Amino acid sequence: MGKPHSEVSGAKIMTRIKSFLNSDFVYRFRKDKVAVVSLGIVLVLVLSAVLAPLISPFDPYDLKSIDIMDSEIPPVWDENDGDERFLLGTDPQGRDMLSTILYGMRISLMIGFFAVLLQGILGVTIGLLSGYLGGKIDAFFMRLADIQLSFSTLMVAIITLAIFQAAFGAELYSKLAIFMLILVIGIAEWPQYARTVRASVLAEKHKEYVDAARVIGMSPARIMFRHIFPNTLSPILVISTIQVANAIISEAALSFLGLGMPVNQPSLGSLISSGFEYIFSGSWWITVIPSFFLVLLILSINLLGDWLRDALNPKLYKD
Amino acid sequence: MTGSSDTPLVNILNVEKTFGDGGGFLSTAQPIVKALNNVSLSIEKGDSFCLVGESGCGKSTLARTVIGLNPPSKGEIHYQGTRIDSLSAKERQPFKRKMQMIFQNPYASLNPRMTVAQILEEPLKIHEKGMSKGAIKQKVEEVMVSVGNDPAWGPRYPHEFSGGQRQRISIARALMLDPEFVVADEPISALDVSIQAQVLNVMMDAQEKRNLTYLFITHDLSIVEHFGSKVAVMYLGTVCELADVKDLFDAPRHPYTQALLSAIPKMDGSGVNHIKMSGEVPTAMDLPSGCVFHPRCPYANERCRRDIPTLADNGNTKTACFAVEEGRV
Amino acid sequence: MALLEVKDLEVEFPLGRITLQAIRKVSFSLEKGERLGIVGESGAGKSVAAFSILNLLSRPGRISGGEILFEGDDISKFDDRQMRSIRGNRISMIFQDPMMTLNPVLTVATQMIECLKAHRKISKKEAWDISVSKLKEVMIPSPEERMESYPHELSGGMRQRVVIAMALLTDPEIIIADEPTTALDVTIQAEIMVLMLDLCKSNNVGLILITHDLAVVSQVTERIMVMYAGRVVEEGGTKEVITNPKHPYTRGLLKALPQENTAGSRLNQIRGTMPSLNALPKGCAFNPRCDFATKECHQVVPKLEGRDGHNTACIHLEKIPSFKSELGNQ
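Residue numbers (the working numbering), protein chains in the order written: chain A, 4 to 322; chain B, 2 to 330; chain C, 74 to 403.
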């Protein structure tokens, strides 16, 4: 019984994939060169970050493999001092830049992704509740959002992280830094989601399919999550791409200010920061190369988000 | 709670509905709209009860109030003798499966992210918790066939269908729970002429086979004449004439009904010769004093401007009009 | 020579991979002061046909063939500047939604005067006077006061009257009205229809009335053109077509009306639905829904032909019984 069933569902998935690949969405995507290139870059960067332990030549966390004698070696294309072991040179501690960047990007992306996941869960739930239930609940959450938006994310993060660091000491902080960053960036940005979701819930809840669900006798929770939520996914998807980019930037900024990832477990931001003091002594690559990767990552994510916004909004149809 | 044979299926007693309020904590004030004023109707089992009127007359609001989408501000709604408007959501649940609704816009009334099968299975999953998967599937197929749909449509999404097909899916959803009473809010006005006939036929078939009672809301009097058994004509939130369909079309009494009937475009080449009414429909935000129809009524006098008429028997029809009572029409 | 003559008009909408043919070989003409009704279901191409006359097709739609002769000039080849001298001046348009025409932030006076001054060299005072007289013509009470109103201060019926007054401002030769009363209430609808009929008659203006409502067409127009899936299936004098329809589609439409059926009985329905433009059947587009369809109907696209100005696009006309005898049989 089980086997033919799984074969059937396998065939179903295949036809689904086929029809997806044949859809207008994919067709328009393939015609947009900027979108294709952006997706390519994002995929390559994300894959290499995820697979960093497998593909990077060194393990930057393994202190034994680091030799201080190898510090500040320029990239290989510098004919005089380049060392073929270190493709992109080394940092002041003698770590291989390429490996450090791959690992750093891994951390940056992780923080970006989980912070956005947290924002999303908070924001979507609050947005659905405010939009659907309205009244006092709506008034409360939206005023809260207004207040939160009047502080900048960085300001909130700097204050929280600085207090935490002062209260619990730098050592404990460096152990928990990644969770703290996810938490702070995640909580600071929920109003973006909540407002977007609330706006589309307000538009959706007056449609007749919601009335139909109420006439059938469904509970408000089921109507919110099963009927309204799927119809707000397109705007959520669009802001998610932009929010991932924003979260990575926030993390980089905090790390640059010394409130982010510690030096022994660097993210892209802390890498840029750690190389900053050497930039005038000629070791430009320690700052510039991670910056280049950061800009490349953010730019492609944002371009992809822009394309997605246009593609999911039929009113912006271009011929 | 079946009620005796002379209890009407649905009884609407002195229902009023106002929207908007003076504003409260952290919210802005909205203008008060009186959508329904003291409406009383009773719908007998087997009726095709039609509500007609122009936009803003409160016919859709009344339908939504009866089905429970917006509670009445005043008055009572009884179903087979039980008062239902004051029930909690849980207590109301058994009535929800007996009362269903068909909506106006087939493009908005089906959730675009659910397949046809999911849409149709959902009512059963909520009200028939113990039903097996196979039984649900069978029931969906049976109802689909009965409204003239292909059961193979199940895995497809609503956007793949035309307006008429969607409206038939919407009817199928309303029939999934074998209801006794169906509210249809302008179910065919968004459809093309050739499709309107299909959908009306499906609704008439369903009534015959399932012994349904309809509350049918429309602005189109030619459909009322064809489809309805009883009709209530509404104007600005009040019922101005209530009658059997045949009697109303034979001899309309209320001046507004007469104007409405004369405005139906006729195909016999007689041209346009409708009763001219002065003025425009006032909004429900500032209702006229006295009879709500008096600013447009050719028979209005001082009494009409001052007092509010109530529905009273006048031969075969019930009218709310002083001019009819006094024999001035 | 007819005032307006549309010959073999073709309109297409290129949409990415596919190109939809919205109008195929549509021809019609309008004499001065004549009233023509274009009837069809949504998607039949009736609005597209009318919009293409004034080159008001929404992008990416474009005229891909045929010509539109207005007083002998092919206006489909006109550039924007030339088109402006015709559009809103000699041919005006009334839309279904009055707010398509009226700008919500300007008063009626501003809009009417602006419209007049765009086409004529006249003073503001003269423009004001003409505007007031046009508002009077469409039976708007106290027109001077209404001139100072904003559109949202007017009721739906009043707005549509203002739109009609604006369409009449420049004394056009033709008015194209796209479902002008569909958004209005029944009683208001009748008033507006009477008004339009009277105005067209008294000013000798040609009218192209686009609607799905056969009853409205039968009251207002002299000639009628029935469209189905981008083609004209039947055309002729309104009375003749309504009382003696020949094409199975027109007959189906008429038979489906509740007025034509005994109360309480099942309505005569046309089975199926109109095919979408990207999946038209071969041959006659109506063949999947037609009771008279044969093998031939799946191969040949029927030509529009007939006698005495009553033309039908159907190859089986001889086989089909007359409409009256068919109605009598029920």
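Ideal Cβ positions, reconstructed from N, Cα and C, are used throughout, including at glycine. Note that the coordinates shown come from a computational prediction; the quantities given were computed from them, not determined experimentally.
1) Could you check which residue in C:E199, C:I265, C:D251, C:S204 has the C-alpha nearest to that of L241 of chain C?
2) Pick out the complete beta strand (DSSP E) segments inside the segment 187-272 of chain C, 3 residues or longer, and give them in chain order.
3) Assign L261 of chain B to buried or exposed, taking buried as 16 or more other Cβ atoms, counted over all protein chains shown, within 10 Å of its Cβ.
4) Kindly confirm or deny that the segment 147-163 of chain B and the segment 106-122 of chain B touch, where touching means at least three C-beta pairs closer than 8 Å.
5) Does the pairing of the segment 374-384 of chain C with the segment 292-311 of chain C give three or more beta-carbon distances under 8 Å?
6) In chain B, what lies closer than 9 Å to D65 of chain A by C-beta?
7) Do you know how far the Cα of S303 of chain A is from the Cα of D309 of chain A?
8) For a cutoff of 8 Å on Cβ pairs, would you count I137 of chain B as touching chain C?
9) Okay, do the segment 226-235 of chain C and the segment 263-271 of chain C touch, 3+ Cβ pairs below 8 Å being the bar?
10) Consult DSSP for R296 of chain C and reduce its assignment to one of helix, strand or coil.
11) Consider the Cβ of R157 of chain B: report whether some Cβ of chain A lies at a distance smaller than 8 Å.
12) Quick one: which chain A residues come within Cβ less than 8 Å of K97 of chain B?
13) So that I know if they touch, is there some Cβ in chain B lying closer than 8 Å to that of Q233 of chain C?
14) Spatial neighbours of P201 of chain C within its chain, please: C-beta separation below 8 Å, excluding the five flanking residues on both sides.
15) Starting from E123 of chain B, find everything on chain A with Cβ-Cβ shorter than 7 Å and list it in chain order.
16) So, is V29 of chain A buried or exposed, given that buried needs 16 or more other C-beta atoms within 10 angstroms?
17) What does the alpha-carbon distance come out to for the pair T66 of chain C and P216 of chain C?
18) Say whether the segment 166-174 of chain B touches the segment 310-317 of chain C, bearing in mind that this needs 3 or more beta-carbon pairs closer than 8 Å, one atom from each stretch.
19) Put Q199 of chain B into one of helix, strand or coil per three-state DSSP.
20) Taking 8 Å as the cut-off, decide whether the C-beta atoms of K207 of chain C and A238 of chain C are in contact.
21) Runs of 4 residues minimum, wholly inside the segment 77-165 of chain B: which ones carry the alpha helix (DSSP H) assignment?
22) Taking the alpha carbon of F86 of chain C as the point to measure from, which residue in C:G310, C:I96, C:K80 has its own alpha carbon closest?
23) Who are Q168 of chain B's beta bridge partners in DSSP?
24) Who are the Cβ neighbours of I188 of chain A in its own chain at under 6 Å, not counting the five residues just before and after it?
25) DSSP three-state call for N335 of chain B: helix, strand or coil?
26) Given that S110 of chain B touches chain A, what residues does it touch there, using C-beta distances under 7 Å?
27) I'd like to know whether the C-beta of H383 of chain C is nearer than 8 Å to at least one C-beta of chain B.
28) Thinking C-beta only, is Q246 of chain A closer than 8 Å to Q195 of chain A?
29) What is the DSSP secondary structure of M17 of chain A, counted as helix, strand or coil?
30) So, at 8 Å on beta carbons, what are the nonlocal neighbours of E187 of chain B in its own chain, with the 5 sequence-adjacent residues on each side left out?
31) Please classify G59 of chain B as buried or exposed, where buried requires at least 16 other C-beta atoms within 10 Å of its C-beta.
32) Using the DSSP secondary-structure output, state which residues sit across from C51 of chain B in a beta bridge.
33) Confirm, please, whether the CB-CB distance from V240 of chain B to V40 of chain B is below 8 Å.
34) Are D193 of chain B and S115 of chain C close, meaning C-beta to C-beta below 8 Å?
35) Only counting runs of 3 or more residues, tell me where the beta strand (DSSP E) segments fall wholly within the segment 124-194 of chain C, in order along the chain.
36) In three-state terms, what does DSSP make of A173 of chain B?
Checking against the coordinates, here is how it stands:
1) Position 168 of the third sequence, counted from the start, is the residue given in the question as residue 241 of chain C. Closest by C-alpha distance to L241 of chain C, out of C:E199, C:I265, C:D251, C:S204, is C:S204.
2) Whole beta strand (DSSP E) segments, 3+ residues: 247-251.
3) Indexing the second sequence from 1 puts residue 261 of chain B at position 260. With 16 or more Cβ atoms within 10 Å of its Cβ, L261 of chain B is classed as buried.
4) Yes, the segment 147-163 of chain B touches the segment 106-122 of chain B.
5) As far as the Cβ criterion goes, the segment 374-384 of chain C touches the segment 292-311 of chain C, which means the pair count is three or higher.
6) Within the first sequence, numbered from 1, the residue matching residue 65 of chain A stands at position 62. Result: empty, since nearest Cβ-Cβ is about 48 Å, beyond 9 Å.
7) What you label residue 309 of chain A is simply residue 306 of the first sequence in a count that begins at 1. What you label residue 303 of chain A is simply residue 300 of the first sequence in a count that begins at 1. Annotation: D309 of chain A to S303 of chain A spans about 10 Å, alpha carbon to alpha carbon.
8) Reading the second sequence from its first residue, position 136 is the one you call residue 137 of chain B. At least 8 Å separates the CB of I137 of chain B from every CB of chain C.
9) They touch, by the three-pair rule.
10) For this step, residue 296 of chain C is matched to residue 223 along the third sequence. In the structure shown, R296 of chain C sits in a strand (DSSP, three-state: E or B).
11) Position 156 of the second sequence, counted from the first residue, corresponds to residue 157 of chain B. R157 of chain B does not count as touching chain A.
12) Reading the second sequence from its first residue, position 96 is the one you call residue 97 of chain B. Close to K97 of chain B, with beta-carbon spacing below 8 Å, are these residues of chain A in chain order: V218, I219, G220.
13) The residue given as residue 233 of chain C occupies position 160 in the third sequence. Q233 of chain C does not count as touching chain B.
14) Here residue 201 of chain C is taken as the residue at index 128 of the third sequence, counted from 1. It is worth fixing the name first, because residue 201 of chain C is Trp in this sequence and not Pro. Listed in chain order, the non-local C-beta contacts of W201 of chain C below 8 Å within the same chain comprise A182, I186, M220, local neighbours out to five positions each way being set aside.
15) For this step, residue 123 of chain B is matched to residue 122 along the second sequence. Ordered by position in chain A, the residues that pass the 7 Å Cβ test against E123 of chain B are I219.
16) Residue 29 of chain A sits at position 26 when you count from the first residue of the first sequence. So V29 of chain A ends up on the exposed side.
17) No answer is possible for residue 66 of chain C: it lies beyond the span of chain C, which begins at 74 and ends at 403.
18) No, they do not touch.
19) The count along the second sequence starts at 1 and reaches residue 199 of chain B at position 198. Here DSSP, grouped into helix, strand and coil, assigns Q199 of chain B to helix.
20) Position 134 of the third sequence holds residue 207 of chain C. Position 165 of the third sequence holds residue 238 of chain C. Result yes, Cβ atoms of K207 of chain C and A238 of chain C sit closer than 8 Å.
21) Counting only runs that start and end inside the segment 77-165 of chain B, the alpha helix (DSSP H) elements of at least 4 residues fall at 90-97, 117-128, 134-147.
22) Within the third sequence, numbered from 1, the residue matching residue 86 of chain C stands at position 13. Cα-wise, what sits closest to F86 of chain C is C:I96.
23) Position 167 of the second sequence, counted from the first residue, corresponds to residue 168 of chain B. Answer by DSSP bridge pairing: none, since Q168 of chain B is not bridged.
24) By one-based count along the first sequence, residue 188 of chain A stands at place 185. Same-chain partners within the cutoff: A118, A250, S253.
25) Residue 335 of chain B lies beyond the residue range present for chain B, which begins at 2 and ends at 330; the question has no answer from this structure.
26) Taking the first residue of the second sequence as position 1, residue 110 of chain B is located at position 109. Chain-order list of chain A residues neighbouring S110 of chain B: E211, Y212, A215, by C-beta distance under 7 Å.
27) As a working mapping, residue 383 of chain C is identified with position 310 in the third sequence. Among the residues facing chain B, H383 of chain C is not included, as its CB has no counterpart in that chain under 8 Å away.
28) Position 192 of the first sequence, counted from the first residue, corresponds to residue 195 of chain A. Position 243 of the first sequence, counted from the first residue, corresponds to residue 246 of chain A. The answer is yes: Cβ separation under 8 Å.
29) Reading the first sequence from its first residue, position 14 is the one you call residue 17 of chain A. Helix.
30) Residue mapping note: residue 187 of chain B aligns to position 186 of the second sequence, counting from 1. Within the same chain, E187 of chain B has close Cβ partners S61, Q105, I218, T219, H220.
31) What you label residue 59 of chain B is simply residue 58 of the second sequence in a count that begins at 1. With 16 or more Cβ atoms within 10 Å of its Cβ, G59 of chain B is classed as buried.
32) On the second sequence, position 50 is the one that residue 51 of chain B refers to. Per DSSP, B:F217, B:V232.
33) Position 39 of the second sequence, counted from the first residue, corresponds to residue 40 of chain B. Position 239 of the second sequence, counted from the first residue, corresponds to residue 240 of chain B. Yes, the Cβ-Cβ distance between V40 of chain B and V240 of chain B is below 8 Å.
34) Locating residue 193 of chain B in the second sequence gives position 192, counting from the first residue. Locating residue 115 of chain C in the third sequence gives position 42, counting from the first residue. A contact, by the Cβ cut-off of 8 Å.
35) As far as the segment 124-194 of chain C is concerned, its whole beta strand (DSSP E) runs of at least 3 residues are 135-143, 164-167.
36) The residue you call residue 173 of chain B lines up with position 172 of the second sequence. Reduced to three states, the DSSP call for A173 of chain B is helix.
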